[in-house]
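J.:
Number of protein chains: 2
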Amino acid sequence: MTQDAILRSLIAENLVSDPAGARGRLLKEAARLFRDKGYERTTVRDLAAAVGIQSGSLFHHFRTKEDILKAVMVETIRLNTALMQAAMDAVDAPRDKLRALIRAELESINGQTGEAMAVLVFEWRSLSEDAQAAVLELRDIYEQLWLDVLEAVKAAGYLRAEPFVVRRLLTGALSWTVTWYRPDGGLSLDGLTDQVVAMMGLAE
Amino acid sequence: MTQDAILRSLIAENLVSDPAGARGRLLKEAARLFRDKGYERTTVRDLAAAVGIQSGSLFHHFRTKEDILKAVMVETIRLNTALMQAAMDAVDAPRDKLRALIRAELESINGQTGEAMAVLVFEWRSLSEDAQAAVLELRDIYEQLWLDVLEAVKAAGYLRAEPFVVRRLLTGALSWTVTWYRPDGGLSLDGLTDQVVAMMGLAE
DNA sequence: GACAATACCAAGCAAGCGCTTGGTTTGTAA
DNA sequence: TTACAAACCAAGCGCTTGCTTGGTATTGTC
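Same order as they appear, the protein sequences are chains A and B. Note that the working numbering gives residue 61 to position 61 of the first sequence, counting from 1, and the numbers run on in steps of one. Add 1000 to a position in the second sequence, counting from 1, and you land on the number used in the working numbering.
In structure tokens:
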């Protein structure tokens, strides 16, 4: 199943907004602005201007500014969970599955959903507790994919550290790439994935 | 040289504020509040209340709110650069130096300066360009320590990935520990350091 | 075409922000 | 003790923010 097909399926199920529609365009611009200036410094006037409407009109689509932030986060988790599941399902061996997960997460962080993924990391404190709890539920599904694969890699004898700890170290390592990695900087995503795998001493 | 002696020396040279003094107490509380609520959501009224004065009085010590943020960052970099240099100087072999750096950075992130270190990561966008440039100058000194050691470890044959990339992946991995590591969670700082070293395939 | 629903506009509200200003209090040195 | 500097207080300024409200315009459905 291609990435486009996965996205279309999620749109059809109303789990993710169509990027070509009004709501989807707003979320895309919101992710960009929140990423660039921070959620708190991005005003509703900024958001409205980015999609070419007046600020009061935003409140027709979302009840509050915070609901926009939450939607950016929820939708990117849903999309990337599906993409990672698909990447992982395409291979069999535990080490290959781990490599596929690393590659897919690097792509989520440095590709189309990079801005939303950065918002997930950097704007967590601006969410209310209720919203944080809702986002964490989705996040837990995503994290379980990782833990299952890391456990399998450890059981196969390729990893000496604890899967729980490794996952969290990898979360930081991969999330931080958003601050320094440039696809046109001479290192492809596959090359970067190779570096991560090599740093872990898992290279063949 | 002990950590206390290093701190005292920096205070004497006016590179770091005395934590017992008015300015130092304010910076300590600022780091805590900025970490917990975010810089933007922390008002000058919050800061003043945290140290028991009225908000207008803050402007006697600092010209602007942003100058407080900058001082939190600048002072923690200065302190931690000195602490890491000392930790590294206490050992000889490249792998031991790398381990010492990892241990020292984990301590900076999860110990006394943890709040300020988190502010350095999460509040970068709230700094003006001038302030960012000033902070980066100090940051570059700190980063060069790491790159020198990683180059030595690679030259000794223990690392296959590129030092530049590894440093950045480690920055993320170690910085992220601020969100999940708890010293009373059954894993000591030394234990966590061992996990990082093991994840890198550098365990003995 | 008529009507309802959706999307948007324009104006402005109430609350809160970083900071200034004129003053008072405290600490230090001579 | 006196003079001066440093630290703080209290009040309030000008501006900005997220959001509401009454209205208009556009789209969708029958």
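Every residue, glycine too, gets a C-beta built ideally from N, C-alpha and C.
#1: For my contact list, A/V119 and A/V72 are in at a C-beta cut-off of 8 Å; report their separation, rounded to the angstrom.
#2: Measuring straight from C-alpha to C-alpha, what distance separates B/M1117 and B/G1172?
#3: Mark A/Q54 as exposed unless 16 or more other C-beta atoms lie within 10 angstroms of its C-beta, in which case mark it buried.
#4: Which residue comes first and which comes last in the alpha helix (DSSP H) that contains A/S175?
#5: Taking 8 Å as the CB-CB limit, is A/Q195 close to chain B?
#6: Please classify B/T1193: does DSSP put it in a helix, a strand, or coil?
#7: Can you tell me whether A/M199 is buried or exposed, with buried defined as 16 or more other CB within 10 angstroms of its CB?
#8: I'd like the span of the alpha helix (DSSP H) that includes B/G1024, first residue to last.
#9: In chain B, what lies closer than 9 Å to A/R41 by C-beta?
#10: At the 8 Å Cβ level, is A/F122 part of the contact set with chain B, yes or no?
#11: Output, in chain order, the set of chain B residues within a Cβ distance shorter than 7 Å of A/T113.
#12: Going along chain A, which residues have a C-beta under 8 Å from B/V1165?
#13: A/L169 and B/V1196 look like a contact to me (Cβ under 8 Å); what is the Cβ gap, rounded to whole Å?
#14: Using the C-alpha atoms, what's the distance from A/R63 back to A/I11?
#15: Report yes if the CB atom of A/K97 is closer than 8 Å to the CB atom of A/M84, and no otherwise.
#16: Which of helix, strand or coil does DSSP assign to B/A1091?
#17: How about B/S1126 and B/L1069: do their beta carbons lie closer than 8 Å?
#18: Give the secondary structure of A/M84 by DSSP, where H, G and I count as helix, E and B as strand, and everything else as coil.
#19: How is the alpha helix (DSSP H) around B/W1146 delimited, first residue to last?
#20: When you compare the region 1151-1162 of chain B with the region 145-158 of chain A, are there three or more beta-carbon pairs, one atom per stretch, that lie closer than 8 Å?
#21: If the criterion is Cβ atoms closer than 8 Å, does the pair A/P94 and A/V44 meet it?
#22: Is it the case that the region 1020-1037 of chain B contacts the region 1108-1116 of chain B, given that we only count it when at least three CB pairs across the two stretches are under 8 Å?
#23: With distances taken between CB atoms, is the gap from B/L1106 to B/L1189 smaller than 8 Å?
#24: Which of the three DSSP states, helix, strand or coil, is assigned to B/F1059?
#25: My output table needs one value for A/L106: the three-state DSSP class, helix, strand or coil.
#26: Give the secondary structure of A/V16 by DSSP, where H, G and I count as helix, E and B as strand, and everything else as coil.
#27: Hey, could you find the ends of the alpha helix (DSSP H) A/L47 is sitting in?
#28: Mark B/R1103 as exposed unless 16 or more other C-beta atoms lie within 10 angstroms of its C-beta, in which case mark it buried.
#29: When the cut-off is 8 Å and only beta carbons count, does B/E1066 lie next to chain A?
#30: Return the first residue and the last residue of the alpha helix (DSSP H) that B/L1120 is part of.
#31: If contacts are defined as beta-carbon pairs under 8 Å, then B/W1176 and A/S57 qualify, I think. What distance do you get, rounded to the angstrom?
#32: Quick check on B/N1080: buried or exposed, where buried means 16 or more other Cβ atoms within 10 Å of its Cβ?
#33: Are the C-beta atoms of B/K1070 and some chain A residue less than 8 Å apart?
#34: Along the region 153-177 of chain A, where does the CB come closer than 8 Å to a CB of chain B? Name the residues.
#35: Should A/L147 be labelled buried (16 or more other beta-carbon atoms within 10 Å of its own) or exposed?
T.: Based on what the coordinates show:
#1: 5 Å
#2: 12 Å
#3: exposed
#4: P163 to W180
#5: yes
#6: helix
#7: buried
#8: A1022 to K1037
#9: E1040, R1125 and S1126
#10: yes
#11: Residues of chain B passing the Cβ test: none, with the nearest at roughly 18 Å.
#12: L187, L192, Q195 and M199
#13: 6 Å
#14: 21 Å
#15: no
#16: At residue 1091 of chain B the sequence reads Val, which differs from the Ala that was named. Coil.
#17: yes
#18: helix
#19: E1129 to A1155
#20: no
#21: no
#22: yes
#23: yes
#24: helix
#25: helix
#26: coil
#27: V44 to V51
#28: buried
#29: no
#30: G1114 to F1122
#31: B/W1176 to A/S57, Cβ: 38 Å. No contact.
#32: buried
#33: no
#34: L159, R160, A161, E162, V165, V166, R168, L169, L170, T171, G172, A173, L174, S175, W176 and T177
#35: exposed
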